[in-house]
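The structure under discussion appears below in the form of structure tokens.
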Amino acid sequence: MSSSSNNIPKSTAQWVVRRTDAGFDGLELETKEIPSLGTHDVLVKMKAASLNFRDLIILMGSYPFPISSGVVPASDGAGEVVAIGPQVKHLKEGDRVATLFNQGHQYGALDSESIMTGLGGALDGALREYGVFHEQGLVPLPKGLTFEEGATLPCAAVTAWNALNGLKVLKPGQCVLVQGTGGVSVFALQFAKAAGAFVVATTSSAEKVKILKEHGADVVINYKETPNWGEEARKHTRNNAGFDHIVEVGGPYTLPQSLAAIKYEGIISMIGFVAQKQTTEDISLMQSLFKGCTVRGVMVGSRDMMLEMGAAIEANGIKPIMDKKTFSFKEAKDAYMYQWEQKHIGKQLYLRFCRTNYHRVAEC
Numbered sequence: 001m002s003s004s005s006n007n008i009p010k011s012t013a014q015w016v017v018r019r020t021d022a023g024f025d026g027l028e029l030e031t032k033e034i035p036s037l038g039t040h041d042v043l044v045k046m047k048a049a050s051l052n053f054r055d056l057i058i059l060m061g062s063y064p065f066p067i068s069s070g071v072v073p074a075s076d077g078a079g080e081v082v083a084i085g086p087q088v089k090h091l092k093e094g095d096r097v098a099t100l101f102n103q104g105h106q107y108g109a110l111d112s113e114s115i116m117t118g119l120g121g122a123l124d125g126a127l128r129e130y131g132v133f134h135e136q137g138l139v140p141l142p143k144g145l146t147f148e149e150g151a152t153l154p155c156a157a158v159t160a161w162n163a164l165n166g167l168k169v170l171k172p173g174q175c176v177l178v179q180g181t182g183g184v185s186v187f188a189l190q191f192a193k194a195a196g197a198f199v200v201a202t203t204s205s206a207e208k209v210k211i212l213k214e215h216g217a218d219v220v221i222n223y224k225e226t227p228n229w230g231e232e233a234r235k236h237t238r239n240n241a242g243f244d245h246i247v248e249v250g251g252p253y254t255l256p257q258s259l260a261a262i263k264y265e266g267i268i269s270m271i272g273f274v275a276q277k278q279t280t281e282d283i284s285l286m287q288s289l290f291k292g293c294t295v296r297g298v299m300v301g302s303r304d305m306m307l308e309m310g311a312a313i314e315a316n317g318i319k320p321i322m323d324k325k326t327f328s329f330k331e332a333k334d335a336y337m338y339q340w341e342q343k344h345i346g347k348q349l350y351l352r353f354c355r356t357n358y359h360r361v362a363e364c
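Numbering (the UniProt record's numbering), first residue to last: 1 to 364.
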């Protein structure tokens, strides 16, 4: 292991998922020995991490993919390289990096092997003070971003980028619809405006209407006041033609409205099911046929996509929109509850790492 530092500890504090049937009480804090580095491994001192909806439903027992026993949670983190293996080529000590969501998804389409390499599910994630990663499982932070901002990128930002550019590249003047003020939706808003698109956003409160407009939304619709928001949103598009891209995060409950709003040969990118509600409306594959549209599942993105996105962030000076509320490392359970109650705006950052010694987690 190559390292110029004599201050690297032999063990690290880390949160682990001990149970998936006890809610957020399934999280436990433990201390574990830091493993030796393989030839292409990198040791990262984690500086910040952020939560996604996926992290919440893992502890609620409703995540549809296998979870490794005692896994370190959270896919999204950023930190500093403090040691490297003897054959590491792309990183050096002192580099600022962010984690790659699916460690094995380097380029091209997601496959059955890569999908089983997700951080915080199959593999140990970011909610630890030090982590060992393969060098290809890390991406340099875009210049100009803090560790806190960089920690918001691996899941939500890459997913938004994939939704807008993965199948058909978003073009200036096209119309985009985003739902809510969660991480994916807000990143999609930022990327769409940077590309010169017209953006309509939906939300549930007057406070969030103001925030979305401040961050570039051309039109904001309160879906509580306008239940049939699909047709209303469509009226704001050129010639009432509908949207080229819809970033669909609600799931079955909101999909009928997205189908009402989509343009012929438009793309609905299915991201999640945060609405957590059922619908009595008929949802049929025939509806996508009648619209000639593509309804596409999006599961984050590759390392190549993350690098491409990082270049766009640098070129356009994009800054992640983060909630003002932050949490220390040992307040992880409080952060989970805060996100579960949907009090956040954009990506909710919850942990910052400080150390007083090698075996105790200090409050920031």
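The beta-carbon is built from N, C-alpha and C at its ideal position, and this holds for glycine as well.
Flag this pair as yes or no: are the beta carbons of residue i and residue j separated by less than 9 Å?
i           : j    : result
residue 400 : L37  : The displayed coordinates of the chain run from 1 to 364. Any statement about residue 400 would go beyond what the structure contains.
T202        : V139 : no
H90         : E135 : yes
L127        : W229 : no
G250        : G183 : no
E93         : A83  : yes
S75         : C155 : yes
F191        : L170 : yes
G125        : V44  : no
V178        : A194 : no
R19         : G120 : no
Q339        : L153 : no
E267        : T294 : A small correction: the amino acid at residue 267 is Ile; Glu does not occupy that position in the sequence shown. Taking 9 Å as the Cβ cut-off, I267 and T294 qualify as a contacting pair.
residue 367 : V17  : The structure shown does not extend to residue 367, since the chain is modelled only from 1 to 364, so the question has no answer here.
A197        : V220 : no
E129        : F329 : yes
residue 369 : G137 : Absent from the model: residue 369. The displayed extent of the chain is 1 to 364, so no value can be given.
L123        : V300 : no
F65         : I8   : no
Over the uninterrupted alpha helix (DSSP H) stretch that includes residue i, give me the two end residues.
i    : result
E214 : 206–214
K193 : 183–194
Q287 : 285–291
K333 : 332–340
F74  : Position check: residue 74 holds Ala in this sequence, whereas Phe was assumed. It is not in any alpha helix (DSSP H) - A74 carries neither H nor E in the DSSP assignment.
M305 : 303–316
L231 : Looking at the sequence shown, residue 231 is not Leu but Glu. Looking at the DSSP string, the run of the alpha helix (DSSP H) that includes E231 is 229–234.
Work out the CA separation of residue j and residue i for me, nearest whole Å.
i           : j    : result
Y107        : R303 : 6 Å
E207        : G216 : 15 Å
residue 368 : M46  : This structure cannot settle anything about residue 368, because the visible part of the chain is limited to 1 through 364.
C174        : K10  : Correcting the residue identity first, residue 174 is Gln in this sequence and not Cys. Rounded to the nearest angstrom, the two C-alpha atoms are 53 Å apart.
K291        : G242 : 10 Å
Q257        : S269 : 13 Å
P142        : D95  : 11 Å
M337        : N239 : 44 Å
P86         : T39  : 5 Å
E28         : D218 : 44 Å
E363        : K224 : Here E363 scores only 33 on pLDDT, less than 50, and its place in the model is too uncertain to base an answer on.
I222        : A261 : The displayed chain sequence assigns Asn, not Ile, to residue 222. Whole-angstrom Cα-Cα distance: 15 Å.
M286        : S185 : 27 Å
A332        : E33  : 21 Å
P227        : P252 : 15 Å
L255        : V81  : 42 Å
A22         : L56  : 12 Å
M60         : E314 : 37 Å
I271        : L259 : 15 Å
A13         : K235 : 53 Å
E232        : T117 : 41 Å
residue 372 : E248 : Residue 372 falls outside the range modelled here, since the chain spans only 1 to 364, and no answer is possible.
D334        : H245 : 35 Å
E113        : K210 : 43 Å
Along the beta strand (DSSP E) that carries residue i, what are the first and last residues, could you check?
i    : result
S11  : 11–17
Y264 : 262–270
D244 : 243–248
N222 : 219–222
G297 : 294–297
L29  : 27–33
A201 : 198–203
Cβ of residue i within 8 Å of any heavy atom in the ligand PLP?
i    : result
S258 : For the ligand PLP, the structure offers nothing, since it holds no ligand at all.
Is there contact between the segment 303–312 and the segment 158–171, where contact requires at least three CB pairs shorter than 8 Å? Per the Cβ contact rule, the segment 303–312 is in contact with the segment 158–171 (3 or more Cβ pairs under 8 Å).
So, does the segment 138–152 touch the segment 313–321, judging by three or more C-beta pairs under 8 Å? yes
Any alpha helix (DSSP H) of 4 or more consecutive residues that is wholly inside the segment 128–174: Counting only unbroken stretches of 4 or more residues, the alpha helix (DSSP H) elements lying wholly within the segment 128–174 are 147–150, 158–165, in sequence order.
As an exercise, report each continuous alpha helix (DSSP H) stretch of at least 4 residues that is fully enclosed by the segment 79–117, in chain order. none
Length-filtered (3 minimum) beta strand (DSSP E) runs lying within the segment 40–67: 41–50
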